[in-house]
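**Q** The sequence shown begins at 13 in my numbering and counts up one residue at a time.
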Amino acid sequence: MDGLKRLLRTGQGILAPGVYDAFGALLAEQAGFDCLYLSGASVAYTRLGRPDVGLVTASEVAETVALIRDRVALPLIVDGDTGFGNAMNVKRTVRMFERAGASGLQLEDQGFPKRCGHMKGKTVIPAAEMVGKIRAACDARGSDALQIIARTDAIAVEGFEAALDRGEAYLEAGADVLFVEAPRSLEQMAAIAERFAGRVPLLANMVEGGHTPIRDADALHAAGFRIVIFPGGLARAVLRQMQDYFESLKAHRSNAPFAARMADFDGLNAAIGTPELLAEAGGYEALAAE
């Protein structure tokens, strides 16, 4: 579980695609990524069919973490939303997610009901309350291998300078990584990096259609952001694929016209490791027959 801490110690830039289940996590690992981000928004989209407005529960996220961890060993940053309550709820959330296999836990300073960081109508809790939550998270973790990522959504509510001040307070409270959500310009991103990059790893969030200018991971790493996440890209890519698939099946009453865009039965089983699993099971069956 200390994989994220080890990656951060290397000084290398980290590109973490957003995933929402073990299937996507496995395919991301096969594609060569060395860190993953469990997107709370994408869990809401895919498990609930609902928007990211605070409807997902801590237990649903923890279950998803455990299922991913059972299949993939890569460092996993987990979106812990607001910690699902006050400081004492945060402590329970930390223990739950750490047991499930989180490598990093992101906590944000939004009020309730929380919403996607690039949606309108957000609120934030007092900075002092968030400081208490960060300290509670640090106290609750069993090991500092679990990296605490403090996110502030204050730019949209209190302004840019207030967000930077919150970042200072959260860093002093013990955050291992700082995440200033939804900067509105490259100039704001540069100011964040200038103030913090020399003292703490920074996280940048790339949301297609969101408030922050989209840049590639290499450019962001060079600008001072150690971790770059694309949290909802997979869900948006799958959305288009599923819409096209269902439209084709409804129109043609068959998968034949869509076959070139699909894996076949053997291709799917090869990707998820069915031959290897059956071979392993056969070894145990052979032992039982002796």
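Note that beta-carbon positions come from the ideal geometry of N, C-alpha and C, so glycine has one too.
Fair warning: this is a prediction, and the values are worked out from it, not measured in the lab.
What first and last residue would you give for the beta strand (DSSP E) that runs through I160?
**A** The residue you call residue 160 lines up with position 148 of the sequence shown. Taken as a continuous stretch (DSSP letters only), the beta strand (DSSP E) holding I160 covers Q159 to T164.
**Q** Measure the C-alpha to C-alpha separation of S155 and G186 and round it to an integer number of angstroms.
**A** Here the question's residue 155 lines up with position 143 in the sequence shown. Here the question's residue 186 lines up with position 174 in the sequence shown. The straight-line gap from Cα to Cα measures roughly 14 Å.
**Q** Between R127 and the rest of its own chain, which residues show a CB-CB distance below 8 Å, the 5 nearest in sequence each way excluded?
**A** Position 115 of the sequence shown, counted from the first residue, corresponds to residue 127. Once the five neighbours on either side are set aside, the close Cβ partners of R127 are P63, D64, V65, G66, G133 and K134.
**Q** Just mark P138 as buried or exposed, buried being the case when its beta carbon has 16 or more other beta carbons within 10 Å.
**A** The residue labelled residue 138 in the question sits at position 126 within the sequence shown. Classification of P138: exposed, given that the 10 Å Cβ count is below 16.
**Q** Could you tell me whether the stretch 112-119 touches the stretch 150-165, where touching means 3 or more Cβ pairs closer than 8 Å?
**A** Yes: at least three Cβ pairs fall under 8 Å.
**Q** Just how far apart, CA to CA, sit H130 and M201?
**A** Translated into the one-based positions of the sequence shown, residue 130 becomes position 118. Translated into the one-based positions of the sequence shown, residue 201 becomes position 189. When rounded, the distance between both Cα atoms is 15 Å.
**Q** Can you check the stretch 181-221 for any alpha helix (DSSP H) of at least 4 residues that lies completely inside it and give the ranges in chain order?
**A** Counting whole runs of 4 or more residues, the stretch 181-221 contains the alpha helix (DSSP H) stretches 198-208.
**Q** Using 8 Å as the threshold, is the stretch 41-52 in touch with the stretch 70-89, meaning 3 or more CB pairs across them?
**A** Flag = yes, the stretch 41-52 and the stretch 70-89 touch.
**Q** Taking one C-beta from the stretch 183-197 and one from the stretch 242-256 each time, how about it: are there three or more such pairs within less than 8 Å?
**A** Verdict: no, contact absent.
**Q** Reducing DSSP to helix, strand and coil, say where Q24 ends up.
**A** Within the sequence shown, residue 24 is the residue found at index 12, counting from 1. Looking at Q24 - three-state DSSP - the assignment turns out to be coil, as it is neither helix nor strand.
**Q** Going along the chain, which residues of its own chain have a beta-carbon closer than 6 Å to the beta-carbon of A112, five neighbours each way excluded?
**A** Here residue 112 is taken as the residue at index 100 of the sequence shown, counted from 1. Counting only Cβ-Cβ distances below 6 Å, and skipping sequence neighbours, we find A74, V77 and A78.
**Q** To the nearest angstrom, report how far apart G36 and E180 are at their CA atoms.
**A** Residue numbering aside, residue 36 sits at position 24 when the sequence shown is read from its first letter. Residue numbering aside, residue 180 sits at position 168 when the sequence shown is read from its first letter. Taking the straight line from one Cα to the other gives about 35 Å.
**Q** Which of the three DSSP states, helix, strand or coil, is assigned to D151?
**A** Counted from its first residue, the sequence shown places residue 151 at position 139. Of the three classes helix, strand and coil, the one that applies to D151 here is helix, per DSSP.
**Q** Please classify D33: does DSSP put it in a helix, a strand, or coil?
**A** If you number the sequence shown from 1, residue 33 lands on position 21. Here D33 sits in coil by DSSP.
**Q** In this structure, how does DSSP classify I239 when only helix, strand and coil are distinguished?
**A** Within the sequence shown, numbered from 1, the residue matching residue 239 stands at position 227. Strand at I239.
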